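One structure below.
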Amino acid sequence: MPKPTLYFSLTLLLLLSFNLLTQCSELDDEFDELLALDRELERETEANGVKSSEAEVLTKAQRIVHELNNDNTERIVNGYDLVLVLGYAPWCSTSAELMPHFAEAANSLKELGSSLVLAKLDADRYPKSASFLGIKGFPTLLLFVNGTSRPYSGGFTSDDIVIWARKRTGTPVIRIGTEKAAEEFLKKHHTFLIGRFDKFEGPEYDEFVSAAKSDNETQFVEVSKVELARVLYPDIKPTDNFLGIVKSEPERYTAYDGAFTSDKIIEFLGYNKFPLVTKMTEMNSVRVYSSPIKHQVFVFANIDDFKNLLDPLQEVARTFKSKIMFVYVDINDENLAKPFLTMFGLEDSTNTVVAAFDKGMTSKFLLESKPTRSNIEVLSSEFCNNLVQGSLSTYFKSQPASVKVVVGKTFDDEILNSEKDVILEVFTPWCFNCEDTSKQVEKLAKHYKGSSNLVFSRIDASVNEHSKLQVNDFPTLLLYKANDKTTPIKLPTKASLKELAASINKHTKVKNEVAKDEL
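The sequence shown begins at 8 in the working numbering and counts up by one.
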């Protein structure tokens, strides 16, 4: 009896395997037919001078990218040699941002003849499949090789995905043999590392290929003829073997002058692959954080202010190339800017902020002067010089010094016996509205910092008492005039900053002494 059982099991296994391969083969034939239709449509639109829209790219990708669910996930992942899976959630904003890049990458890889299959899974809708694949967060990219999961370690633009996928599936270096191919390559690639070798063999060439396999983000290209190399890198050095990085920015060409070892080539890339000033986004934030450059200078500004500062800032960045990484963050992007600004106590700032960090962000530094187009180069050069030399003072966040903290024992000296007008904020930690009032007081203190006869103070009424301070409603704002400390004037706490400033100006003599700024 054991023999028939074994025979039956083997037969069933062979039938299932044949059925699986047949299904995958049929799917491939179907996708190839659809792709042929897409190419025919592309030729027609290009002949009419019409460029494919994003909607058309997504529509085409829908025919190429497998939509996974609980019924087909295991079959597709195990049925192909190479599968790149995107796990996403419809409500995830980062997933939504990544999806068009994934679609464009799918189209590009299919046109390049890649054997890699791309698939996506709504992991929120199909948690069972997500668990099977090992998807625990959104978005997640995973490469499956013969059904075995491998982590994705590339970037998140369409070009990044294509470069990483080709490197991981057998094409770490693109070889160019004609001038036309070189020109076409330039149209598609904005950043790349070029290697020129008399022969594509030998120890130095092997190290070049090894570096290409190790790197996750930069396209490597190789040429043999000097005239072809000059199409890609016009200022190529007349050496036997040559390496150089090309970027689409003012600092376009950088030649490599180190030893031809994989580690040194990777190190060269790490210090030179970014633009002079990198704009941080959700898609590239991981790459920025992982930069090997020890010091980083962050410029937080709105888009218009940054455009005004960019040219002089790039000159500073060129001076400190490979020593400092310069990063721009849109100050209006709360997800990116606020976590950094909070570290400096500047989370509510709307003006341009220039800050710096050392590697690992263990120490932070702040440019105290206000940067403008006319002074940014001088200010930043001095700031950056001190940063590199290690002589820049570390910045420590603290409460604004313009608001004095008063306690019960100092109430007489700071309030009643003071010869100045005093505005006192009375609060408690458990007061729901006190935080908003505290922020207003801090802004008012900053606004009136030029006044010599007006002081802003605050007292925590939950742990401090005084016979002359009888307050039961929190928050409370009291103005103690210099010539009458016995009857303080109660200021409104629900008024706007401008209304509060008007009240202060009405009862004091400070309005002509205050610098003109906007509240």
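Here a beta-carbon is modelled for each residue, glycine too, at the ideal position from N, C-alpha and C. These numbers come from a predicted model, not from an experiment.
With distances taken between CB atoms, is the gap from residue i to residue j smaller than 7 Å?
i      : j      : result
ARG380 : ASN339 : no
SER115 : VAL169 : yes
LEU461 : ASP491 : no
ALA126 : ILE83  : yes
ALA363 : PHE307 : no
ALA468 : THR494 : no
PRO482 : THR444 : yes
HIS108 : SER165 : yes
ILE383 : PRO299 : no
LEU91  : LEU150 : yes
ASN85  : TYR133 : no
VAL336 : MET287 : yes
TYR95  : PRO158 : no
Measure the beta-carbon distance from residue i to residue j and round it to whole angstroms, keeping in mind my assumption that it falls under 8 Å.
i      : j      : result
LEU193 : THR225 : In fact, because the Cβ distance is near 15 Å, the residues do not count as touching under 8 Å.
PHE281 : MET350 : So it is not a contact: roughly 22 Å between Cβ atoms.
VAL284 : PHE305 : Rounded, the Cβ-Cβ distance is 11 Å, inconsistent with contact.
THR326 : SER370 : Wrong, their Cβ atoms sit about 22 Å apart, outside the cutoff.
VAL348 : ILE430 : With the sequence shown as reference, residue 348 is identified as Leu, and Val is not the correct amino acid for it. So it is not a contact: roughly 27 Å between Cβ atoms.
PHE463 : LEU451 : 7 Å
PHE372 : LEU394 : 6 Å
Please state whether DSSP places residue i in a helix, a strand or coil.
i      : result
TYR212 : helix
PRO158 : strand
THR261 : strand
ARG132 : coil
VAL57  : For VAL57, the pLDDT reaches just 41, beneath the cut-off of 50, and the residue's location in the model is therefore unreliable, although a value from the coordinates is still provided. Of the three classes helix, strand and coil, the one that applies to VAL57 here is coil, per DSSP.
PHE151 : strand
TYR296 : helix
THR285 : strand
HIS302 : strand
THR515 : coil
GLU74  : strand
TYR240 : coil
ALA113 : helix
PHE390 : helix
TYR278 : helix
SER510 : helix
LEU140 : helix
LEU105 : helix
ALA126 : strand
Assign residue i to one of two classes, buried (16 or more other C-beta atoms within 10 Å of its C-beta) or exposed (fewer than that).
i      : result
ASP35  : Note that ASP35 has pLDDT 40, beneath the 50 cutoff, so the model's placement of it is unreliable and the number below is only indicative. It counts as exposed.
TRP98  : exposed
ILE310 : exposed
LEU93  : buried
ALA324 : buried
ALA266 : exposed
VAL228 : buried
LYS513 : exposed
ALA509 : exposed
GLY251 : buried
THR515 : buried
HIS197 : exposed
GLU191 : exposed
GLY457 : exposed
TRP437 : exposed
LYS244 : exposed
ASP420 : exposed
Going along the chain, which unbroken runs of the alpha helix (DSSP H) with 4 or more residues stay wholly within the region 431-505?
441-454
What are the uninterrupted segments assigned as alpha helix (DSSP H) that are 4 or more residues long and contained completely in the region 305-385, given in chain order?
310-326, 341-349
Could you give the uninterrupted runs of the beta strand (DSSP E) lying entirely in the region 394-428, keeping only those of 3 residues or more?
410-412
Which whole runs of the alpha helix (DSSP H) in the region 180-238 are 4 residues long or more, in chain order?
186-195, 210-221
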